[in-house]
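Counting in the working numbering, the final residue of the sequence shown is number 309, and the numbers go up one at a time with none missing.
Even for Gly, the Cβ is constructed at its ideal location relative to N, Cα and C.
If you're wondering where the values come from, they're calculated on a predicted model, not measured in any experiment.
Right, one structure below, let's go through it.
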Amino acid sequence: MPDLSRLNLRTTSYLCEFTSGSISRGEDFGARQYMETKAKAQIMWIDQTVSVKQSELPVLFGEYFEITRPHAGSSLHSEIKRMAPSLLLFDFDYPERPGLKLMERTKREFPSIPILMTTMQHSESLAVWAFRARVWDYLVKPVSERELVRALSALQKLTRHTNERVRNRVICANKSPIPEENNVAPRTTTPAELMPALAYIEQHFREKVTSANVAGACNMDSFRFSRSFRTAFGITFKEYLLRVRIKEACRLLEKPDIAVTEVAYLSGFNDPSYFSKTFKRYAGVCPSEYASSTEHRDVLGDDRLALIL
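Structure representation (structure tokens):
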């Protein structure tokens, strides 16, 4: 397993639906007001979903960018040359080898164009591979409105500061193999069946959460739920819950004057000792060390534990 504490990855992973969540209007009013006075940069949406009959983007994409799509009868290379987008969005549900190879090849052919990758299926190996392929940001669906605004705002700023030196750079070939789990056939689980599970975890992760509770929210028995969850997300329900709690702990530890023991309980851990050991397994440092030094947060990226979810 790679040393995640040394990877400076700008990964973002999320728990709620694209269209769910709330955001303070005061937080981004100025940014949106400024955005409306500027011509929108163009983002090309390259839809690689295989299990969604009619995929669509959250409306926020249209607020920040002009959305275009490549013509179905033309090659992606020729469409990018013709339309000259500022950004590329490769949208996956269950990434497979052909789509990932297309994204990798596109980055080599157009090294100056940032690529945003969105995916429903997630694994550490896939995220590491994506960043080695020079993907600019990696989002795990579904995503909250607040976090989507953060990502789109950063991309918007990026398009304003692209200079000639970046446009002329050359991307070396990514020698890392595509993860084995992405060389198989598409999954058959309907992701919508598991959306209640994600919502339930988001609301109750600070409490005692059992597989039976979450399965009931999805109208499934425990066995079917466990199997469906692992098929859809590549990890078990318990592992997912643990990662949600660690992600919340990271957020709390960035606040000044908060005790590690308090963070443990607020994140859903009843045993501070177990919390410290588990946190170090993911972050590479103990909670107190993470809280006292911004250096560790910078190494892990802007979104704290880059590969947790």
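Alpha carbon of residue i to alpha carbon of residue j, nearest angstrom
i: Met35; j: Gly216; result: The pLDDT assigned to Met35 is 47, lower than 50, so where the model puts this residue is not dependable, and the model offers no usable value.
i: Ser276; j: Asp47; result: 41 Å
i: Pro287; j: Leu253; result: 7 Å
i: Ala130; j: Asn270; result: 35 Å
i: Thr68; j: Arg134; result: 22 Å
i: Ala199; j: Arg146; result: 15 Å
i: Glu63; j: Ser153; result: 10 Å
i: Ser125; j: Lys255; result: 30 Å
i: Arg108; j: Pro58; result: 28 Å
i: Glu262; j: Ala72; result: 54 Å
i: Arg393; j: Ala39; result: Only positions 1 to 309 of the chain appear in the structure, and residue 393 is not among them; the question remains open.
i: Tyr265; j: Glu239; result: 18 Å
i: Ile201; j: Leu194; result: 11 Å
i: Pro186; j: Ser123; result: With a pLDDT of 42 at Pro186, under the threshold of 50, the modelled position of that residue is not reliable, and the figure given next carries that caveat. Rounded to the nearest angstrom, the two C-alpha atoms are 15 Å apart.
Beta-carbon separation (whole angstroms), residue i vs residue j, contact threshold 8 Å
i: Leu158; j: Val209; result: Contact doesn't hold; Cβ gap of about 37 Å is too wide.
i: Ser226; j: Phe237; result: 6 Å
i: Val214; j: Ala197; result: 5 Å
CB contact flag (residue i, residue j, <8 Å)
i: Ile246; j: Tyr290; result: no
i: Ser345; j: Ala41; result: With the chain covering 1 to 309 only, the question about residue 345 has no answer from this structure.
i: Pro137; j: Ala151; result: The amino acid occupying residue 137 in the given sequence is Asp; Pro does not appear at that position. Cβ distance < 8 Å, so Asp137 and Ala151 count as in contact.
i: Leu102; j: Leu139; result: no
i: Ser211; j: Met220; result: no
i: Val143; j: Tyr94; result: no
i: Gly268; j: Glu207; result: yes
i: Leu76; j: Thr106; result: yes
i: Phe65; j: Ile43; result: yes
i: Phe205; j: Val149; result: no
i: Gly99; j: Phe92; result: yes
i: Ala249; j: Phe279; result: yes
Opening and closing residue of the alpha helix (DSSP H) in which residue i lies
i: Thr68; result: It is not in any alpha helix (DSSP H) - Thr68 instead sits in the beta strand (DSSP E) that spans 65 to 68.
i: Phe90; result: Counting along the chain, Phe90 falls outside any alpha helix (DSSP H), though it belongs to the beta strand (DSSP E) covering 87 to 91.
i: Lys208; result: Careful: Lys208 lies outside any alpha helix (DSSP H) and carries neither H nor E.
i: Ala283; result: 272 to 283
i: Phe269; result: Where Phe269 is concerned, there is no enclosing alpha helix (DSSP H), given that its DSSP letter is neither H nor E.
i: Ser222; result: 222 to 233
Local conformation of residue i per DSSP, three classes
i: Ala133; result: coil
i: Arg251; result: helix
i: Gln203; result: helix
i: Phe110; result: coil
i: Gln121; result: coil
i: Gln156; result: helix
i: Leu57; result: coil
i: Val263; result: helix
i: Ala72; result: coil
i: Val244; result: helix
i: Ile80; result: helix
i: Glu104; result: helix
i: Tyr94; result: coil
heavy atom of the ligand COA below 7 Å from residue i C-beta
i: Thr236; result: Summarising the ligand content, the structure contains no ligands, and the ligand COA is consequently not present.
First through last residue of the beta strand (DSSP E) which encompasses residue i
i: Ala41; result: 41 to 47
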